[in-house]
Amino acid sequence: MNPTMKAYQHPNAGFTLSLPEGWETATDVAGVALIAVAPDRGAGWFRTNLVVTLEQLATPDLTTWQEEALALMRYGLNEFLLVDVEEIEVAGYRARRLVAHHRPETDGHAASVTMEQRTLVVGRLGYTLTASMASLEYPEVADMFAAMVADFRPDPEFGQ
1 MNPTMKAYQH
11 PNAGFTLSLP
21 EGWETATDVA
31 GVALIAVAPD
41 RGAGWFRTNL
51 VVTLEQLATP
61 DLTTWQEEAL
71 ALMRYGLNEF
81 LLVDVEEIEV
91 AGYRARRLVA
101 HHRPETDGHA
111 ASVTMEQRTL
121 VVGRLGYTLT
131 ASMASLEYPE
141 VADMFAAMVA
151 DFRPDPEFGQ
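For the sequence shown, this note's numbering assigns the number 1 to the initial residue and increments by one for each residue that follows.
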C-alpha cells in the first residue's frame, strides 16, 4: 500500500506529518488532536486510522508515562496482547514504539485489530500517534504508518 502522501499541519497544535491522499480528518473531537481515517470500503471493513493525542504531563518522563498507558491498555482493551516495545527516536526526540493486538467487540462480532504506536515527550507535552488497522492488513499498512511518522514534527513551542 503506497498511497500518495500530502503534508498536514494541525491548525492549533502546529505539529506536522504526512497523511495519505483521500483520508478524512477531524480535529474537533474532545481529548484528541487529530483523527485521520482511510476511505470507507463498505460494510464489514475496518477503517484504517491514525489518532494523535496530546497530554500535559505532571512528570515529563517517557518511561513512566508509557508504563501507565500500557497498564490502561491492558485493562481497557479486549484481549489486549503486547507484541513489541522498543526505544526509538522520532523527530530527534527519544520515543517509544509499541505494537499490540486487541479484539474490539463490534455489533456482536469481534474483529482482530493491530495497533502501532509512537510516543514522545516534548517539554511537558506527551504526543501519542496510534495507527490501527485490521490485523491481516498490518503488513501493508506498517510502511505507510512509518512514512507518516517519519515526517512528524512537533511544534516545540506549543503547550509549554
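All residues carry an ideal CB built from backbone N, CA and C; glycine is no exception.
Residue i, DSSP secondary structure in three states
i, result
"Pro-139", "helix"
"Ala-131", "strand"
"Gly-76", "helix"
"Glu-21", "coil"
"Arg-62", "In the sequence on display, residue 62 carries Leu and not Arg. Correct three-state label for Leu-62: helix."
"Ala-26", "strand"
"Ala-147", "helix"
"Leu-57", "coil"
Contact set for residue i: own chain, Cβ-Cβ below 6 Å, skip 5 residues either direction
i, result
"Asp-84", "Val-99"
"Ala-26", "Ile-35"
"Arg-118", "Val-90, Ala-95, Arg-97, Leu-129 and Val-149"
"Glu-55", "Gly-126"
Cβ distance (whole Å) where residue i is taken to contact residue j below 8 Å
i, j, result
"Thr-53", "Met-133", "So it is not a contact: roughly 18 Å between Cβ atoms."
"Thr-4", "Asp-151", "Their Cβ separation, rounded to whole angstroms, is 13 Å, which puts Thr-4 and Asp-151 out of contact at 8 Å."
"Glu-57", "Val-121", "A small fix is needed here, since residue 57 is Leu in this sequence, not Glu. The pair is a contact, with the Cβ atoms about 7 Å apart (cut-off 8 Å)."
"Glu-24", "Val-32", "In fact, because the Cβ distance is near 14 Å, the residues do not count as touching under 8 Å."
"Glu-116", "Phe-80", "Going by Cβ atoms, the distance from Glu-116 to Phe-80 rounds to 14 Å, so no, they are not a contact pair."
"Ser-18", "Ala-147", "6 Å"
"Ala-91", "Pro-154", "6 Å"
Cβ neighbours of residue i in the same chain (closer than 8 Å, five flanking residues each side left out)
i, result
"Val-113", "Phe-46, His-101, His-102, Arg-103, Pro-104, Ser-132, Met-133, Ala-134 and Ser-135"
"Glu-67", "none"
Selection from the options that minimises the alpha carbon distance to residue i
i, options, result
"Tyr-93", "Ser-18, Pro-156, Lys-6 and Ala-7", "Pro-156"
"Leu-77", "Arg-97, Met-148 and Ala-111", "Ala-111"
"Phe-158", "Ala-13, Gln-9 and Lys-6", "Ala-13"
"Leu-125", "Pro-60, Tyr-138, Arg-96 and Thr-64", "Pro-60"
"Asp-40", "Asp-143, Thr-27, Val-141 and Gly-22", "Gly-22"
"Thr-128", "Gly-44, Val-149 and Tyr-138", "Val-149"
"Val-29", "Val-51, Leu-62 and Gln-9", "Val-51"
"Ile-88", "Leu-62, Glu-67 and Leu-82", "Leu-62"
Other residues of its chain near residue i: CB distance less than 7 Å, five sequence neighbours each side excluded
i, result
"Met-73", "Phe-80 and Ala-100"
"Tyr-138", "Thr-114"
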